[in-house]
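Numbering follows the working numbering, in which position 232 of the sequence shown is assigned residue number 272; successive positions increment by one, without gaps.
Beta carbons: idealized from backbone N, C-alpha and C, even for Gly.
Values in this document were obtained by computation on a predicted structure and should not be read as measured data.
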Amino acid sequence: FTQRPWPPVLSRWRPRHWIYLTFLWNLLFSVLGLLILAFGIWGLLDKESLVSERIAHLGSDPMLFFVLVGLAVSTISLAGCMGALYENICLLKFFTGGVIAFVILEILGGLVLYSLRHQIKGSLQNTMLVAVLRYQDDPDLRFIMDEVQMGLQCCGVESYQDWKMNMYFNCSSPGVQACGVPASCCLNPLENGTITNSQCGFGALGMEEFAAQSIISLGGCAPQLSRWLHSHRGVLSACFVFLILVEVGGFLLATKLLADLAFARARGRQPGAW
41 FTQRPWPPVL SRWRPRHWIY LTFLWNLLFS VLGLLILAFG IWGLLDKESL VSERIAHLGS
101 DPMLFFVLVG LAVSTISLAG CMGALYENIC LLKFFTGGVI AFVILEILGG LVLYSLRHQI
161 KGSLQNTMLV AVLRYQDDPD LRFIMDEVQM GLQCCGVESY QDWKMNMYFN CSSPGVQACG
221 VPASCCLNPL ENGTITNSQC GFGALGMEEF AAQSIISLGG CAPQLSRWLH SHRGVLSACF
281 VFLILVEVGG FLLATKLLAD LAFARARGRQ PGAW
């Protein structure tokens, strides 16, 4: 058994090099899309958004955004992978169209975010304030607030005292959570390193600041988020530019492969034949 040589028409370009490179390039994006999809599904499961009694409210769940983005990215990337592997012109054209749409949306989104950054900052503060007020009543807002407080190690909007505005955590409340804060405010919310201690923030609002700072984070999430964005703006900008360049690179590879396949077919040869 011997391997057949390249057809004369294709031997000058060896398009299989482009095929394998395009396939591997898109495979990385497929993995990224699947990771985003997994994150969205994890968020839905963590909030029990997929159980029967909450399925009717699924359309308003913010984690659905990650599911849809993950599906779109993985679908377009897999189309690029299969289009390159099987030399399918329709799939490759679908991939290039999807990449163009993604790049345009990302650039427009970046411009909008930058031009409206001050208004967005105010909107984020208002959203966190609403999340504090409706913490027990809205699972979506509770999930977001908990993730922000644990991720940034903060508590409340401007300070931990903001939780007094919540009717359940206010010191005048008759419930067991009176004068407390959510467990996500705690410096060490895990008991024995595995189970969340939901009572670790109980009574924190009634303590002196010196005593409370050893149990919970005192700083608010709004200034902490602003500091984090300011200190990481260079990294975020570089990641955004890198993402655009990688997408453009995938587009150029697919375009080159399409041109080679079209030229090979125009010469009456079967692309990729041995």
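Practice task
Helix, strand or coil for T42, going by three-state DSSP, please let me know.
Solution key: Against the sequence shown, residue 42 aligns to sequence position 2. Any reading at T42 needs caution, since the residue's pLDDT is 43, under 50, leaving its predicted position unreliable; the model's value is listed next. It is coil, neither helix nor strand.
Handout entry: Same chain, Cβ closer than 8 Å to G215, neighbours up to 5 away in sequence not counted
Key = Your numbering for residue 215 matches position 175 in the sequence shown. Correct list, in chain order: Y208.
Exercise for the section: Grab me the residues of C240's own chain with a C-beta within less than 6 Å of its C-beta, minus the 5 sequence neighbours each way, in chain order. Expected result: To locate residue 240, count along the sequence shown from 1; it is residue 200. Contacts found: A223, C226 and P229.
Problem - Local Cβ density within 10 Å of S117, reported as buried at 16 or more and exposed below that - result: As a working mapping, residue 117 is identified with position 77 in the sequence shown. That one is buried.
Handout entry: N- and C-terminal bounds of the alpha helix (DSSP H) containing D202
Key = Counted from its first residue, the sequence shown places residue 202 at position 162. Under the DSSP assignment, D202 falls outside any alpha helix (DSSP H); it carries neither an H nor an E label.
Practice task
Report the rounded CA-to-CA distance for E249 versus L258, giving the unit in angstroms.
Solution key: Here residue 249 refers to the residue found at position 209 of the sequence shown. Here residue 258 refers to the residue found at position 218 of the sequence shown. Using only the alpha carbons, I get a separation of about 8 Å.
Practice task
Could you tell me whether the segment 60 to 70 touches the segment 117 to 127, using the rule of 3 or more Cβ pairs below 8 Å?
Solution key: Contact between the segment 60 to 70 and the segment 117 to 127 is present, because at least three Cβ pairs lie under 8 Å.
Practice task
Please report the residue range of the alpha helix (DSSP H) in which S163 lies.
Solution key: Numbered from its first residue, the sequence shown carries residue 163 at position 123. Taken as a continuous stretch (DSSP letters only), the alpha helix (DSSP H) holding S163 covers R157 to L173.
Exercise for the section: Compute the Euclidean distance between the alpha carbons of A96 and M103, then round it to the nearest angstrom. Expected result: The count along the sequence shown starts at 1 and reaches residue 96 at position 56. The count along the sequence shown starts at 1 and reaches residue 103 at position 63. A caution first: A96 carries a pLDDT of 46, below 50, which makes its placement in the model too unreliable to give a value.
Handout entry: Whole-angstrom distance between L292 and Q201, CA atom to CA atom
Key = Sequence index remark: in the sequence shown, residue 201 carries index 161 (1-based). Sequence index remark: in the sequence shown, residue 292 carries index 252 (1-based). Rounded to whole angstroms, Q201 to L292 spans 54 Å at the Cα level.
Exercise for the section: Decide if C279 is buried, meaning its Cβ has at least 16 other Cβ atoms within 10 Å, or exposed. Expected result: The residue you call residue 279 lines up with position 239 of the sequence shown. So C279 counts as exposed.
Exercise for the section: Look at the Cβ atom of W203, then the Cβ atom of C194, and state whether they are nearer than 9 Å. Expected result: Sequence index remark: in the sequence shown, residue 203 carries index 163 (1-based). Sequence index remark: in the sequence shown, residue 194 carries index 154 (1-based). Contact: no.
Exercise for the section: Using 10 angstroms around the beta-carbon of L265, count the other beta-carbons present and answer buried if the total reaches 16, otherwise exposed. Expected result: The residue you call residue 265 lines up with position 225 of the sequence shown. The residue is buried, with at least 16 neighbouring Cβ atoms inside 10 Å.
Handout entry: Within 9 Å, strictly: CB atoms of L156 and I59
Key = Taking the sequence shown and counting its residues from 1, one reaches residue 156 at position 116. Taking the sequence shown and counting its residues from 1, one reaches residue 59 at position 19. It is not a contact, given that the beta carbons lie outside the stated cut-off.
Exercise for the section: Please go through the same chain and pick out, in chain order, the residues whose beta-carbon is closer than 7 Å to the beta-carbon of M205, but skip the five residues on each side of it. Expected result: The residue labelled residue 205 in the question sits at position 165 within the sequence shown. Within the same chain, V172 and L173 come within 7 Å of M205 by CB-CB distance, once the 5 residues on both sides are set aside.
Handout entry: Rounded distance between the beta-carbons of I256 and V221, thought under 8 Å
Key = Looking up residue 221 in the sequence shown gives position 181. Looking up residue 256 in the sequence shown gives position 216. Contact flag correct, Cβ pair sits at about 6 Å.
Exercise for the section: Note down the Cα distance separating G162 from D300, rounded to an integer number of angstroms. Expected result: Your numbering for residue 162 matches position 122 in the sequence shown. Your numbering for residue 300 matches position 260 in the sequence shown. Straight-line Cα distance between these residues: approximately 51 Å.
Practice task
Specify, as a first and last residue, the run of the alpha helix (DSSP H) that G123 falls within.
Solution key: Here residue 123 corresponds to residue number 83 of the sequence shown, with the count starting at 1. G123 -> alpha helix (DSSP H) spans M103 to L125.
Practice task
Spatial neighbours of L298 within its chain, please: CB distance less than 8 Å, with the 5 preceding and 5 following residues excluded, ordered by chain position.
Solution key: The sequence position of residue 298 within the sequence shown is 258, counting from 1. The answer, listed in chain order, is I129, L132, K133 and T136.
Problem - Contacting residues, own chain, Cβ-Cβ under 7 Å from S213 (five flanking each side not counted) - result: Here residue 213 is taken as the residue at index 173 of the sequence shown, counted from 1. Result list for S213: M207, in chain order.
Handout entry: Helix, strand or coil at S92 [DSSP, three-state]
Key = For this step, residue 92 is matched to residue 52 along the sequence shown. For S92, the pLDDT reaches just 49, beneath the cut-off of 50, and the residue's location in the model is therefore unreliable, leaving the point undetermined.
Handout entry: Spatial distance of V188 from L181 (CA atoms)
Key = In the sequence shown, the residue the question calls residue 188 occupies position 148. In the sequence shown, the residue the question calls residue 181 occupies position 141. Going from the Cα of V188 to the Cα of L181 covers about 11 Å.
Exercise for the section: Answer yes or no: do S284 and E146 have a C-beta to C-beta separation smaller than 9 Å? Expected result: Taking the sequence shown and counting its residues from 1, one reaches residue 284 at position 244. Taking the sequence shown and counting its residues from 1, one reaches residue 146 at position 106. Position check: residue 284 holds Ile in this sequence, whereas Ser was assumed. Going by C-beta atoms, I284 is nearer than 9 Å to E146.
Handout entry: Beta-carbon proximity list for V109, same chain, < 7 Å, skipping 5 on both sides
Key = Position 69 of the sequence shown holds residue 109. Closer than 7 Å at the Cβ level, and outside the excluded window around V109, lie I76.
Handout entry: Start-to-end residues for the alpha helix (DSSP H) that takes in S277
Key = Here residue 277 refers to the residue found at position 237 when the sequence shown is read from its first residue. Looking at the DSSP string, the run of the alpha helix (DSSP H) that includes S277 is R273 to A306.
Practice task
Measure the C-alpha to C-alpha separation of L111 and L276 and round it to an integer number of angstroms.
Solution key: Here residue 111 refers to the residue found at position 71 of the sequence shown. Here residue 276 refers to the residue found at position 236 of the sequence shown. Going from the Cα of L111 to the Cα of L276 covers about 23 Å.
Practice task
Take Y175 and list the residues in its own chain whose beta-carbon comes closer than 6 Å to its own, dropping the five residues that flank it on each side.
Solution key: Walking along the sequence shown from the start, residue 175 turns up at place 135. If we look at Y175 and ignore the five residues flanking it on each side, its Cβ neighbours are R182 and N206.
Problem - Assigned secondary structure, L77 (DSSP; H/G/I helix, E/B strand, else coil) - result: Residue numbering aside, residue 77 sits at position 37 when the sequence shown is read from its first letter. L77: helix per DSSP, three-state reduction.
Problem - Given E287 as reference, the closest of L84, L85, G138 and W82 once Cα atoms are compared - result: For the purposes of this step, residue 287 is taken as the residue at position 247 of the sequence shown. Residue G138 is the option with its Cα nearest to E287.
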